[in-house]
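Going by the working numbering, the first residue of the sequence shown is number 1, and it counts up by one from there.
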Amino acid sequence: MNIKQQRGSGSTFLLLAVIIIFSMWFFFKLFPMYMENMSVSSALEQITEEKNVEAKMDGEIRQMFLNFLNEKDIKLFDKENIKQHVRIERLTAEGIVEITVEYEQTKALIGNISFLVKFKNTVAASS
């Protein structure tokens with residue numbers, strides 16, 4: 001092989017390494033937020049497995065949700081802001097309770113640049 005044909009391969013490797021490092025950095029910044037959302041989704045599923053959810057008051061359902069999150073050590077919500085993020089709709093004709101959790105999280109990237117990620121999870125519980 002000619003040396004002139006190999007010129008530039010070091011800079012290509014360096015560029016590829018920088019792209020991989022930045023991709024991994026983004027991944028490790030965003031991954032914890034998605035893991036927390038998976039716990040929120042799991043807590044909602046646990047609510048649907050409870051008996052007589054449709055007979056419970058909205059406050060009791062929210063407290064169950066908070067208890068399930070506390071078991072998983074997730075501190076996204078507390079008693080003051082839970083009403084802003086958890087919406088409970090009762091479809092009386094079908095006997096279904098629809099629970100929607102909607103929230104956003106912000107994660108700093110560099111300086112004043114941040115990620116804003118919005119999450120929305122919905123489940124329907126019936127008897």
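Heads up, the beta-carbon is just placed ideally off N, CA and C, and yes, glycines get one too. These figures come from a predicted structure and were not determined experimentally.
- Determine, using beta carbons only, whether I61 and I99 come nearer to each other than 8 Å. Position 61 of the sequence shown holds residue 61. Position 99 of the sequence shown holds residue 99. It is a contact, given that the beta carbons lie within the stated cut-off.
- Can you give me the Cβ contacts of T122 inside the same chain, cut-off strictly under 6 Å, excluding the 5 residues immediately before and after it? Start at 1 with the first residue of the sequence shown, and residue 122 comes out as number 122. The residues are T100.
- So, using beta-carbon positions, are L137 and F115 closer together than 8 Å? The shown model of the chain, from 1 to 127, leaves out residue 137, and the question about it has no answer.
- Query: Would DSSP call N52 helix, strand or coil?
  - Reply: Residue mapping note: residue 52 aligns to position 52 of the sequence shown, counting from 1. In the three-state scheme derived from DSSP, where H, G and I count as helix and E and B as strand, N52 is classed as coil.
- Message: According to DSSP, K130 sits in a beta bridge with which residue or residues?
- Response: Examination of residue 130 is not possible in this model, given that the chain is present from 1 through 127 alone.
- Look up I22 in the DSSP assignment and say whether it is helix, strand or coil. Numbered from its first residue, the sequence shown carries residue 22 at position 22. The amino acid at residue 22 is misidentified as Ile; the sequence shows Phe. In the three-state DSSP reduction, F22 falls in the helix class (H, G or I).
- Item | For N67, the first and last residue of its enclosing alpha helix (DSSP H) | Translated into positions along the sequence shown, residue 67 becomes position 67. Residues D58 to E71.
- Query: How many Å lie between S39 and A125 at the Cα?
  - Reply: The residue you call residue 39 lines up with position 39 of the sequence shown. The residue you call residue 125 lines up with position 125 of the sequence shown. Cα to Cα, the separation comes out at about 18 Å.
- When burial is assigned at 16 or more other CB atoms within 10 Å of the CB, is V86 buried or exposed? Start at 1 with the first residue of the sequence shown, and residue 86 comes out as number 86. With 16 or more other Cβ atoms within 10 Å, it is buried.
- Coil, strand or helix - F77 by DSSP: Here residue 77 refers to the residue found at position 77 when the sequence shown is read from its first residue. Correct three-state label for F77: coil.
- Message: Could you check whether Q46 and F68 sit closer than 8 Å to each other, using their CB atoms as the reference points?
- Response: Translated into the one-based positions of the sequence shown, residue 68 becomes position 68. Translated into the one-based positions of the sequence shown, residue 46 becomes position 46. In this structure, Q46 lies closer than 8 Å to F68 by Cβ.
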